[in-house]
Each structure stands twice: as C-alpha cells, then as structure tokens.
Amino acid sequence: MKENNSIDVQGQIEVDYSQYDEAVQKLKPKVYQQDDGFCCLSGPDQETGIFGSGDTPDAAIQSWKSALEERFRRLHGEDE
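So for the sequence shown, this note's numbering puts the first residue at -8; every next one is plus one.
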C-alpha cells in the first residue's frame, strides 16, 4: 500500500518567491513544516514530484533546487 506523501495543508508556510531564482519563481514549489524540519515539493507527492528538505525553509528550497537539477540531468541523459 502506497504511503500518502502529499502536503499537510495546515503545515504549509508562505514563501516570498521573489528572493529566489527564476526556476523557483516560475514553479513556486510548496514549502511546509514537517516534524522538526521543512519540506519543499512541486508535484503530487514526494515519490513522483520534485522534493527537497532542510532545517529551514531556505535550506528546503535549496535542496529542492538540487533535486530539480538532478531531474533535468537524468531526463537529458547526463551522468554528472
């Protein structure tokens, strides 16, 4: 049975996307608090979407950006 990894809407926090680069501004990933950290997600869930996490909202967004870049590399067949 698949675990539900969707966002807890009550834990979602507001983000000023204007302070981030173009990818974050355009895609506007959701940032939410979970347990003792923060998560950043674009897509339906952590398994199929682009997901990042960190100790702060900014760290979660930076982790998400790394996951986004990795997804692009895999889609374009780049190993590094």
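Positions of the beta carbon are idealized from the N, C-alpha and C atoms, including for glycine.
So which of the options has the shortest CA-CA distance to residue i?
i	options	result
C31	K21, E38, G40	K21
L18	D26, K56, R64, A50	K56
A50	F63, R62, Q24	Q24
F63	D12, S9, I41, T47	I41
A58	D7, I4, V15	V15
Y8	G68, P48, Q37	P48
D26	Q3, G68, E60, E61	Q3
G28	D46, T39, E38, V6	D46
Decide if residue i is buried, meaning its Cβ has at least 16 other Cβ atoms within 10 Å, or exposed.
i	result
L66	exposed
P35	exposed
I52	buried
Report back the beta-carbon spacing between residue i and residue j to the nearest angstrom; my notes put them in contact at under 8 Å.
i	j	result
S54	S44	6 Å
- Task: Pick out the complete beta strand (DSSP E) segments inside the region 0 to 39, 3 residues or longer, and give them in chain order.
- Result: 21 to 25, 28 to 33
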